[in-house]
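Presented below is the structure to which this report refers.
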Amino acid sequence: MKAIVIYESMFGNTQEVARAIAEGLRLHLDVETVEVGSAPPAIGEGELLVIGGPTHTFSMSRESTREEAVTKAPEPVVSQGIGVREWLESLPASTGSPPAATFDTKVARPALPGSAAKAMQKRLRKKGFRILHPATNFLVEDTDGPLVEGQLDRARQLGDHLGSLIAAEG
Ligand SMILES: Cc1cc2nc3c(=O)[nH]c(=O)nc-3n(C[C@H](O)[C@H](O)[C@H](O)COP(=O)(O)O)c2cc1C
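And the structure:
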């Protein structure tokens, strides 16, 4: 089986997490890592989908929250087109229960309710995906980062874990 890691990111933190998850997955599987604007419209048969994005206003980003992020960014943002919300909206429903897992980034303080990863997980379940591992949050110190210490290790471990679950399924 192959894996595809799809990410949305404004300031680059979720992109870093996505790449670290891919490193962990690569211990077990072939992995492709793609920014959501370049992601394929559907997931291939026999592919593990891992998808993540930043938490904006308690959930997945919207065009308006992405525009707000642009005003706070010192450099051009990473995701300049659609976000994971729009990509998931147009993703076709699946019949074969393909495996998937979701992740997000959110601020460590204040600890706010809501999670883009949980919202993505709900959408994927509705589309017929089998959730391999519960939605995972990674923490940033401030809106534009950096990631809290230890998050990239956690991300690599998550990738390793997901890859080993798939490998064990044969
Ligand atoms: C418009 C906007 C709304 C946000 N809302 C939340 C929120 O509700 N909860 C939270 O924990 N973080 C929130 N954040 C912080 C983001 O989660 C943070 O910017 C993101 O994790 C950084 O990842 P990125 O570098 O990949 O964009 C918000 C950020 C922006 C720009």
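Quick note on numbering: the working numbering labels position 38 of the sequence shown as 38, and the sequence is numbered without any gaps. C-beta: ideal position from N, C-alpha, C; glycine also.
With DSSP as the reference, identify every bridge partner of residue i, one or two as the case may be.
| i | result |
| --- | --- |
| D142 | Per DSSP, none; premise fails for D142. |
| I4 | E32 and L49 |
| L147 | V140 |
Which word fits residue i, buried or exposed, when buried means at least 16 other C-beta atoms lie within 10 angstroms of its C-beta?
| i | result |
| --- | --- |
| Q157 | exposed |
| F58 | exposed |
| P74 | exposed |
| Q80 | exposed |
| P40 | exposed |
| S90 | exposed |
| E67 | exposed |
| E16 | buried |
| P174 | With the chain covering only 1 through 170, there is no way to say anything about residue 174. |
| S61 | buried |
| A69 | buried |
| L88 | buried |
| A177 | Since the first residue of the chain shown is 1 and the last is 170, residue 177 is not available in this structure. |
Between the beta-carbon of residue i and the beta-carbon of residue j, is there less than 8 Å?
| i | j | result |
| --- | --- | --- |
| I21 | L49 | no |
| D144 | F11 | yes |
| R125 | I131 | yes |
| T55 | K106 | yes |
| V36 | V84 | yes |
| G163 | L25 | yes |
| G96 | E45 | yes |
| E23 | G150 | no |
| A108 | V77 | no |
I'd like to confirm something about residue i: is its beta-carbon nearer than 7 Å to some heavy atom of ligand 2, or not?
| i | result |
| --- | --- |
| G145 | This structure does not include ligand 2; its bound ligands are ligand 1. |
Please go through the same chain and pick out, in chain order, the residues whose beta-carbon is closer than 7 Å to the beta-carbon of residue i, but skip the five residues on each side of it.
| i | result |
| --- | --- |
| A18 | V5, Y7, T33 and G52 |
| A117 | G52, T102, F103, D104, A135, T136 and N137 |
| A119 | S59 and M60 |
| I171 | Outside the shown range of the chain (1 to 170) lies residue 171, about which nothing can therefore be said. |
| A42 | L91 and P92 |
Tell me which same chain residues have a C-beta within less than 8 Å of the C-beta of residue i, skipping the five on either side of it?
| i | result |
| --- | --- |
| K2 | L29, D30, V31, E32, G44, G46, E47 and L48 |
| D142 | V107 |
| G152 | Just to set this straight, residue 152 is Leu in the shown sequence, not Gly. Excluding positions up to five away in sequence, the list reads E16, V17 and A20. |
Once you ignore the five residues that flank residue i on each side, which residues in its own chain have a CB closer than 6 Å to its CB?
| i | result |
| --- | --- |
| N13 | T105, V140, G145 and L147 |
| A93 | K127 and G128 |
| A167 | H28 |
Contained alpha helix (DSSP H) runs [length at least 4] in the stretch 115 to 140, N- to C-terminal order: 116 to 126
If we require 4 or more residues per run, which alpha helix (DSSP H) segments fall completely within the stretch 28 to 110? 63 to 72 and 84 to 90
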